[in-house]
Every structure is written in C-alpha cells, then in structure tokens.
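Colleague: Mapping of the sequence shown onto full-length UniProt numbering: residues 1 to 336, in sequence order. The beta-carbon is built from N, C-alpha and C at its ideal position, and this holds for glycine as well. Since we're looking at a predicted model, the values are computed, not measured. Have a look at the structure that comes next, please.
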Amino acid sequence: MAVQRVAVLGAGSWGTTFAKILADAGREVTMWARRSEVAEEIRLRHTNSAYLPGVRLPRRVTATDDAAVALAGAQAVVLAVPSQSLRENLTEWRELLPGDAILVSLAKGVELGTLKRMSEVVSDVTGVRPGDVVVVSGPNLAREIAQEQPAAAVLACADHEKAVAIQEASFNPYFRPYTNTDVVGCELGGACKNVIALSCGMAAGLGFGANTMATLITRGLAETARLGAALGADPLTFAGLAGVGDLVATCSSPLSRNRTFGERIGRGESMEAARAAQGGQVAEGVSSCRSIRELAHRLGVDMPITDAMFRVCHEGLDPGTVGAELLGRKQKHEWS
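As structure tokens, this is what we get:
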C-alpha cells in the first residue's frame, strides 16, 4: 500500500503544513484551495502567506482550485477542511474520489446536528467504513511543524495497514507519526481538547495562573475520558499523543486559535470582536462545545467544563461567573 501521490483538499494552516510534511517525506502533493489566488501563490511562489507567512513550501507541493485536477491519480486523499464544513465539501468531491485512495481526516470536531465524529461523516458521504478512514491527531500546532520543529502525531485506523501506509508517507526528520487502532478515542481527544483550550484561554484572560491551567487541563482530560469510555474508546489513548499530548499543546500555546479566542473572551471582548481578531480562521471549540455537550447529555456523561463553555459561547454568560460555579459544584471523589 505504498503511497506516492497525495491530494490535500484544503489550504489552511494545518492542511498546508501537512502537505509540507508529506513532501518532505518524498511524496508528490497537489493541494486544492477554494480561492484561486491562494492556489496560484502556492503553485508559483511556493508560499501560502495568508496562513503560513514566512514559510517556504517544497517544490514537490503544487496547488489548484480544481478539485478534479487535485484528485486525479491520488493514492491518498487528505481532508483538511473545518469539521463543520466537511460534509458539504465532501459531498461536492464524492464522485471525484479515486476508488482505491486512502482517506485521511485532519478535522477535529463533532458534527452539529448528527453528533457524528469526522470519520463517521466521511463514511456517511462516501460509503467507506468509518474504521477505514485514517484519523490524524496529536500535539500538532501548524506553525511550529511548518518551521520544522520536532513533533509527533497519531495516525488512527482500524485497518492497521492503511495507518502504516500513511505513517510511511509522512515520516520525515522532524515529524514522527505513530499508529493506533482506536479511532474513537483519537477523534474524541482531538475534538474535546479544543473546548478545554477555550476554558484555559478564558482563565488566562481573567488573570489566573499555572495552578488554574493545570486544573482545567487535568479535569478536562477526565471528562474527555468519561465520554470516551461511554463510546468504547481505549482509556490508554487519552494518556497518549491524541489525549494529553494534544490537550497540553492546545491549552498552553499562544499559537492555539482556541486558546487565544478564549483569552479574548476572558478579557471581556465580545464574541464578534474575538472572531474578527482571528483573521477568518476557525476556533473549532466554539462549535464543538455545542455538539459535544449534546452528545454527553445523550449518553448521560457529566462534562462540566464543556457545559460551561457552551454557556459562555452560546448563552452569553460571563466567564468569571461560570468559573465560580465550576468551583462551587458539589464535592466528589476525583474519579467518580
């Protein structure tokens, strides 16, 4: 299952970075960009200044605004669009997908309405089994990896051979991918960490320090693991790169859109002002806190931090107020 030719559908910061990873591992990569000017810049200048200013892309990366051109002959197709637009985009591309290509999802979230994980959305649209989709997760802040700072990731797929094929296609001197068969756990870790990062950002905006951050990270991990247990995930996954690894990076770094969005809200900015300050890039946690909260309620899983983020982002409550409510909850055993 050797992969040499890859299509990356989406030209945001993570999609562009993953294209660079693949090219630096010796693969030929064609990106699809919605905007023709972005595709032209990548193709002619080997840069994507809108999302990764100052980063030079390898010659093995080219780009087009025509999905059919990008997908022609691809042995693997990387889906690099935001979680809430994945279904719409993939519906447009469905008839163009090469029948034997490995589908790879970079999106992290739970779909609004259906409450499906991203591999389930891919399965719905394309007809492949959810377990046949390779899911990428881990502490993967795009700019750091694009600068070739050492990083690792998890490639999860129930079909281990497909995970290994993408592992071999993406392994390079600065990017070390591991395989895993727990698709559920890896996807939940990737989705929930965005919500917990919002809470850490809000805490920072309110002026709180390391103890508060550590508390939110560890209690956030606990509620993520509870949701995972209810859906049959392997508990060990949450102790790995897709769990605590991704959580720590996203909650701690100023490069995290979710953390910086939350920090603006914590400082008293409106949702509209925080969105404008993001420069058009998506803070996935704002949508995900709604769908994850609904999924948790459906399963009877207690996720108080997720619930608090929903109330701030969608009901307009003050971050300081919900923080006080979290601290004032009924006392309990740590693992209950």
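1. For K162, which residues from the same chain have a beta carbon less than 7 angstroms from its beta carbon, with the 5 sequence-adjacent residues on both sides left out?
2. Are the Cβ atoms of R176 and L255 separated by less than 7 angstroms?
3. Could you check the C-alpha separation between L112 and Q167 for me, to the nearest Å?
4. Per DSSP, what are the beta-bridge partners of T30 in this structure?
5. Could you compute how far the alpha carbon of residue 354 sits from the alpha carbon of P150?
6. Threshold first: 3 residues or longer. Then list the beta strand (DSSP E) segments lying entirely within the segment 151 to 222, N to C.
7. Hey, could you find the ends of the beta strand (DSSP E) L79 is sitting in?
8. Measuring straight from C-alpha to C-alpha, what distance separates I292 and T306?
9. Give me the Cβ distance between T179 and L155, rounded to the nearest whole Å; I'm assuming they're in contact under 8 angstroms.
10. Around the Cβ of P235, are there at least 16 other Cβ atoms within 10 angstroms (buried) or fewer (exposed)?
11. Can you check which of these residues, Q331, S13, A76, D66, is closest to A47 by C-alpha distance?
12. May I ask you to verify whether the segment 51 to 63 touches the segment 251 to 270, counting CB pairs closer than 8 angstroms and requiring at least 3?
13. Would you identify the three-state DSSP class for L44, choosing helix, strand or coil?
14. With DSSP as the reference, label V136 as helix, strand or coil.
15. Just to confirm the assignment, what range does the beta strand (DSSP E) spanning S123 have?
16. Pull the bridge partners of L96 from the DSSP assignment, please.
17. Can you name the start and end residues of the beta strand (DSSP E) that L103 belongs to?
18. For the alpha helix (DSSP H) containing T306, name the first residue and the last one.
19. Going along the chain, which residues of its own chain have a beta-carbon closer than 7 angstroms to the beta-carbon of V322, five neighbours each way excluded?
Modeller: In short:
1. Only M1, I102, D132, V134 meet the Cβ criterion.
2. With respect to the 7 angstroms criterion, R176 and L255 are not classified as neighbours on the basis of their beta carbons.
3. Each residue's CA atom was taken as its position, placing L112 and Q167 some 30 angstroms apart.
4. DSSP lists A7, T62 as partners of T30.
5. Since the first and last residues shown for the chain are 1 and 336, residue 354 lies out of range.
6. DSSP runs (the beta strand (DSSP E)) wholly in the segment 151 to 222: 151 to 156, 175 to 180.
7. Run containing L79: 76 to 79, per the beta strand (DSSP E) assignment.
8. Rounded to the nearest angstrom, the two C-alpha atoms are 7 angstroms apart.
9. The beta-carbon separation of T179 and L155, rounded to 5 angstroms, stays under the 8 angstroms limit for a contact.
10. Residue environment: P235 is assigned as exposed (fewer than 16 neighbouring CB atoms within 10 Å of its CB, all protein chains considered).
11. Note that residue 47 corresponds to Thr in the displayed sequence, not to Ala. Nearest C-alpha to T47: S13.
12. Contact check between the segment 51 to 63 and the segment 251 to 270: fewer than three CB pairs, one atom from each, fall below 8 angstroms, which does not count as touching.
13. In the structure shown, L44 sits in a helix (DSSP, three-state: H, G or I).
14. Strand at V136.
15. That residue, S123, is in no beta strand (DSSP E); its alpha helix (DSSP H) goes 118 to 126.
16. In the DSSP secondary-structure assignment, L96 is not bridged to any residue.
17. Its beta strand (DSSP E) spans residues 102 to 105.
18. That run of the alpha helix (DSSP H) goes 304 to 315.
19. If we look at V322 and ignore the five residues flanking it on each side, its Cβ neighbours are A308, R311, V312.
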